[in-house]
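*Asks:* First, the structure itself, so that you have it in front of you.
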Amino acid sequence: MSAHSMDGRDGAPAGADAHGMHGHAPQEAHGSMKSYVIGFVLSLVLTAIPLFVVLNDWLEGTPAYMVLLGCAVLQFVVQLIYFMHLREEKKPRYNLMALLLGLVILVLIVGGSMWIMTYNQIGL
Amino acid sequence: MAYAKEHLSGPADVHVDGHSGSHDTGHAGGHADGHADLESMRVTGFWLFLITDVILFSTLFATFIVLRGNTDGRVTGAELIELPGVIASTFILLTSSFTSGLALLAMNRGSRGGLIGWLAVTALLGASFIALEVTEFVHLVHEGATITTSAYWSSFYTLVGTHGVHVSIGLVWMLALMIQLGMHGITSVTRRKVNVIGLYWHFLDVVWIFLFTLVYLMEVM
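Protein sequence lines correspond, in order, to chains P and G.
Residue numbering for the first sequence follows my numbering, beginning at -8 and increasing consecutively.
Residue numbering for the second sequence follows my numbering, beginning at 2 and increasing consecutively.
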């Protein structure tokens, strides 16, 4: 088994047995049918909820915004975990760290712009 | 000698995946590990690219949110947006995110046919998403909402259009990858490329979810 797995790692042609379990580079995604189906169902549900809220006028104003944004953020988390396999990353977790940095910048840009421009409009 | 050098220069986690028992296979083993590790570093490099894309989209989202009220007394999104088409494209993109995952699973089984087949399904779904988006844009322009109509529409077209361009680039990339897979089969290089395009595709799906929520749903609410 271990001799075969070394062949698989060397990028040999697509032999069925060499690629069974051991053909992965350390940080590549594994995933399983189960995790993809769970992720897909969750993302369908998280898309349907805001849709129903808006189409049926179930909520208005701030609560509606909170539900809509909350579902979008949860959808992001679902895709990261079930589709992009962020949790399977080996240490040191550079991908996660890069992502966190990106999110800090995102919150600064979007939140900061909204904050300062709201004040600008009050001043008008 | 060359074997030792590979291991000294490589990052510390070269052997994490349980192959430390195979040291005695000598140079060939060391080379395979170094190669696999380079591919995984390329995946991390792609994550860094995705982070720069996060920053790009966050500036466009910020612009749209700030300018969404500036309609210059002209036609607004709430008046023109037709939700059914947008809902259809949302579920199409969600499904394509799932099928790109199925492509990855087919690859892990070693099935080249399954891999190329699911990539083709993903690309077809992506193409129908783009077709719906172009139809929507044409409809909006006919109704008198062009990119120069107001600050609202400028930021709308820039934000939605940038996402559409990303999906279109992904389509071309996916076709090229399918050709490569047909020529070379599943190797450590094409394997990494499939992983990377999967990440790209899931990322675009996430961006679309935020577009759908902030630009479309909150507009018609």
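Here a beta-carbon is modelled for each residue, glycine too, at the ideal position from N, C-alpha and C.
DSSP three-state label for Ile187/G, please.
*Replies:* Looking at Ile187/G - three-state DSSP - the assignment turns out to be coil, as it is neither helix nor strand.
*Asks:* Pop quiz: Ala121/G and Met179/G are said to be a contact at Cβ under 8 Å. What is the actual Cβ separation, rounded to whole angstroms?
*Replies:* Confirmed, about 7 Å.
*Asks:* Between which two residues does the alpha helix (DSSP H) containing Gly127/G stretch?
*Replies:* Note, Gly127/G: alpha helix (DSSP H), Arg113 to His143.
*Asks:* For Ile117/G, I'd like the list of residues in its chain whose CB is within less than 7 Å of its CB, leaving aside the five on either flank, ordered along the chain.
*Replies:* So the list reads Met179, Leu182 and Gly183, once near-sequence residues are dropped.
*Asks:* Can you tell which of Ser59/G, Val195/G and Thr72/G has the C-alpha that lies nearest to the C-alpha of Arg43/G?
*Replies:* For the residues Ser59/G, Val195/G and Thr72/G, the minimum Cα distance to Arg43/G belongs to Val195/G.
*Asks:* Suppose contacts are defined by Cβ-Cβ distances below 9 Å. Is Met219/G in contact with Leu50/P by that definition?
*Replies:* Cβ distance not < 9 Å, so Met219/G and Leu50/P don't count as in contact.
*Asks:* Is the Cβ-Cβ distance between Trp202/G and Thr91/G less than 9 Å?
*Replies:* In this structure, Thr91/G does not lie closer than 9 Å to Trp202/G by Cβ.
*Asks:* Mind reading off the beta-carbon distance from Phe157/G to Gly46/G? Whole number of angstroms is fine, and I expect it under 8 Å.
*Replies:* That belief does not hold up - the Cβ atoms of Phe157/G and Gly46/G are roughly 32 Å apart, past 8 Å.
*Asks:* Less than 8 Å between C-beta atoms, sequence neighbours within five positions excluded: which residues of the same chain meet that for Thr247/G?
*Replies:* Examination of residue 247/G is not possible in this model, given that chain G is present from 2 through 222 alone.
*Asks:* DSSP state of Glu1/G, grouped into three classes?
*Replies:* With chain G represented from 2 up to 222, any question about residue 1/G goes unanswered, as that position is not in the structure.
*Asks:* Quick one: Cα of Lys25/P to Cα of Gly102/G, how far?
*Replies:* Cα-Cα distance, rounded: 11 Å.
*Asks:* Closer than 7 Å between beta carbons: that is the criterion. Which residues of the region 201 to 217 of chain G meet it against chain P?
*Replies:* Under the 7 Å Cβ criterion, the region 201 to 217 of chain G contributes His203, Asp206, Val207, Ile210, Phe211 and Thr214.
*Asks:* Put Ala146/G into one of helix, strand or coil per three-state DSSP.
*Replies:* Looking at Ala146/G - three-state DSSP - the assignment turns out to be coil, as it is neither helix nor strand.
*Asks:* What residue range is occupied by the uninterrupted alpha helix (DSSP H) comprising Pro41/P?
*Replies:* Taken as a continuous stretch (DSSP letters only), the alpha helix (DSSP H) holding Pro41/P covers Met24 to Leu46.
*Asks:* If you measure beta-carbon to beta-carbon, which residues of the region 64 to 77 of chain G are closer than 7 Å to chain B?
*Replies:* Of the protein chains in this structure, namely P and G, none is chain B.
*Asks:* Whose CA, out of Tyr56/P, Gln112/P, Glu80/P and Pro83/P, lies closest to the CA of Phe211/G?
*Replies:* Nearest C-alpha to Phe211/G: Tyr56/P.
*Asks:* Count the CB pairs spanning the region 49 to 62 of chain G and the region 88 to 101 of chain P that are closer than 8 Å, and state whether there are at least three.
*Replies:* Judged by Cβ distances under 8 Å, the region 49 to 62 of chain G makes contact with the region 88 to 101 of chain P, as three or more pairs qualify.
*Asks:* Starting from the C-beta of Thr123/G, find all residues in its chain whose C-beta is less than 6 Å away, skip the five residues before and the five after it, and write them out in chain order.
*Replies:* Correct list, in chain order: Ser97, Thr100 and Ser101.
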